[in-house]
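Worksheet: one structure, shown below.
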Amino acid sequence: MRFPRFSIPALAAVATVAFATPGAVVVNDLSYEAQAEQSRLAAVNQLNSVRARLEGTIAGNLLLAVGLVADIAISGGITPAKFDAMAATLVGHDDLVRSLTIAPNGRVARAYPVSGNDSMVGLNLLDDPARGAGARAAVRNREAVVEGPVALPQGGFGLIGRIPVVVASGDVWGLVNITIDAERLFARAGLIGLGGDLRVGLRMLDQDGVPFAVIYGDAATFSPGAVTVDVHLPTGLWQLAAVAEGGWGSAGRHTFVKVASGAVVVMLGMIAFVIGAFIETSRRYTGTVRASEARLLAATRASGDGFCLLDRNDSVVTCNEGFASVFQVPPERLIGTRFEDIMREAHDRGAGFMTQGETFDVWIETLSSRRAEAGNMTTTFQARDGRWFELRERTAETGERVLIRFDVTEQKILEEELRRLATSDPLTGAANRRHYLQRAQAEWDRFRRYNRPLSLMMIDIDYFKKINDGYGHPVGDQALKRLVETAGQSLRNNDLLGRFGGEEFAILLPETDIEPAAALAERLRHRLSRIEVPTERGPLSFTVSIGVATCELGDANIERTLKRADDALYRAKQGGRNRVERAEPALDPQDAALAKAQDA
């Protein structure tokens, strides 16, 4: 046994003192409790890291399906081709996503990819014994739910997010189902293989916080002595738990001298022993704490996500490279600096976060107020270098704050791609009919409220059927694409070109009266007539007919203005094509009623 370093007289005294044994035991017990508390704290830190990754990854993947849900909700349905296109984008974005299915009225109508999932098509999820509870809950509560892990038809296990689609009428159209690979998710979150001496588990809780399903590990993990961390998801609450295999303080328990002696108590020897033992134990305990802190710090520095710990004064205690990289400085530069000062200094250097169109002072004041009011918050920022980050802030009871930042740039890019798919024509890239009408309605409301000028035009390719019949549909498709490309070069940023179907297009012209709108239509007609589409039989040219209308007080709605532009387009075709026609003036509602009475 290794004794504390004492003087020779003290060692002699210790050797004859049996009464010192209880003092050593007390010190040992205190050390054990301290070691156990440190072990529990380390386990909580590891669980919090897993929690953050689980929350971010699951929420991010569920968010991927929101674009698809929104598209179906607005349209009241979706074509197989469009579902396949959007699903391919989603599934290809992340290897966690195994499949996507849509289930109108609860019955699976289409799956992507088809291979391995074809057995799902036709299945009524609401009546299925294995899946009915979750599907019915999603429809009944109109909230997304997560089920699983369940065995997948193509092998492995998955978590299935069921998202209800609520259409404009308020009815539930059906479900969009996204399957996430459970094993890959747990591995990415760091749950698998967490802390070699820890046993970990993950379970679901119901709305009342009552556990009802173990997702990972076993129920025994959730024992009274376990440390737990809640996982907050869009679909509800999960709970992580961890217990040490040999007890929380087993790794740090030290064996001290066990002496049973009837020797005479020597006060000096007793004091020397107790003090010496305490010093030695404290030295060992301090070394253990420092080693534990070093391991924790090394883990945060190695993490791909950004990590920062703030004290009660909002100053940085420690952070890793991932967090400091947002501000383009090494981590040690941030230690001891208040978070607001870090943001301000980075902004002055052209680094840090974008201020989203506001002055920095207004932006930072708004952010500081939100942080003061909400102990826990999640905010999405765009960095000055173009990357997107999600910043999650959690406040402890003692006032310290933990900031974790996730890079969500890929997710933002995918969201933009999904938005583009939902609002644009897949062939030409022009706005689709629904998106065009939404923008047109918004501009028409502005016209009515502020009397701002608004014009629009309808465009149709002349004899387009002959192009398709004579040259084939691929050539016809090229003609449509060239029209959109050429017309787009003549439009302003706030103008909007939309495809209404077939060879018919519409252009929205805010802040434009009839005269400049008609002049633009003439320029477009000339430019479009000079297009040459290469074919096997030589270059192909085409012409267009255009009808132009401006919104007037006599228009009851935007559809009425569109109708007048469409009537003008019809007159252009009747007048020989390859020409521009202005719409007839809109009748005042009273004049329209009088004219209708006279016609009767």
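Going by the numbering used here, the residue at position 342 of the sequence shown is 367; the numbering climbs one at a time, nothing skipped. Even glycine gets a Cβ: it sits at the ideal position worked out from N, Cα and C.
Query, Result
"Within 10 angstroms of the Cβ of F237, are there 16 or more other Cβ atoms? Answer buried if so, exposed if not.", "exposed"
"Taking 7 Å as the limit between beta carbons, can you name the residues of its chain near L177, skipping five residues before and five after?", "R123, G183, T204"
"Need the endpoints of the alpha helix (DSSP H) that Y496 sits in, please.", "489-496"
"Measure the C-alpha to C-alpha separation of E561 and G526 and round it to an integer number of angstroms.", "27 Å"
"Comparing C-alpha positions only, which one of L262, L216, V252 sits nearest to V235?", "L262"
"Work out the CA separation of A542 and T404 for me, nearest whole Å.", "43 Å"
"So, using beta-carbon positions, are F247 and G272 closer together than 8 Å?", "no"
"By a C-beta neighbour count over all protein chains shown, 10 Å radius and 16 as the cutoff for buried, is A504 buried or exposed?", "buried"
"Locate the alpha helix (DSSP H) running through W469, then write down its first and last residues.", "458-475"
"Within 10 angstroms of the Cβ of E390, are there 16 or more other Cβ atoms? Answer buried if so, exposed if not.", "exposed"
"On a CA-only basis, which of A447, K598, L594, L79 is nearest D109? Give me that one, please.", "A447"
"Going by DSSP, name the residue or residues bridged to I185.", "E172, T204"
"For a quick check, are the C-beta atoms of N130 and A136 less than 8 Å apart?", "no"
"From the DSSP secondary-structure annotation, give me the bridge partner or partners of D432.", "F414"
"For the beta strand (DSSP E) that V573 lies in, which residues bound it at each end?", "569-575"
"Given 8 Å as the limit, is there contact between the region 457-466 and the region 435-446, that is, 3 or more CB pairs closer than that?", "no"
"Please identify the residue among D450, T586, A207 whose C-alpha is closest to the C-alpha of R473.", "T586"
"Could you say if the region 505-522 and the region 598-614 meet the contact criterion of at least three C-beta pairs nearer than 8 Å?", "no"
"Tell me the residue span of the beta strand (DSSP E) that contains A269.", "261-269"
"Could you give the DSSP three-state label for G513: helix, strand or coil?", "helix"
"Drop a sphere of 10 angstroms on the beta-carbon of Q381, count the other beta-carbons inside from all chains shown, and report buried for 16 or more, exposed for fewer.", "exposed"
"Whole beta strand (DSSP E) runs in the region 80-162 with 3 or more residues, listed along the chain?", "122-129, 135-137"
"Would E172 and I188 be called neighbours here (beta carbons separated by less than 8 Å)?", "no"
"Let me confirm a value: T575 is counted as buried when at least 16 other C-beta atoms fall within 10 Å, else exposed. Which label applies?", "buried"
"With H, G and I counted as helix, E and B as strand and the rest as coil, what does DSSP make of M379?", "coil"
"Can you give the Cα-Cα distance for R409 and M368, rounded to whole angstroms?", "12 Å"
"Tell me which residues share the same chain as P47 and place their Cβ nearer than 8 Å to its Cβ, disregarding the 5 neighbours each side in the sequence.", "Low confidence applies to P47: its pLDDT is 48, below 50, so where it sits in the model is not reliable, and the reading given next is rough at best. Around P47: no qualifying Cβ."
"Here's a check: name, in chain order, each residue in its chain whose Cβ is nearer than 6 Å to the Cβ of V170, leaving out the five neighbours to either side.", "G159, A162, A163, R187, T260"
"Count Cβ pairs between the region 510-517 and the region 543-553 that sit closer than 8 Å; are there 3 or more?", "yes"
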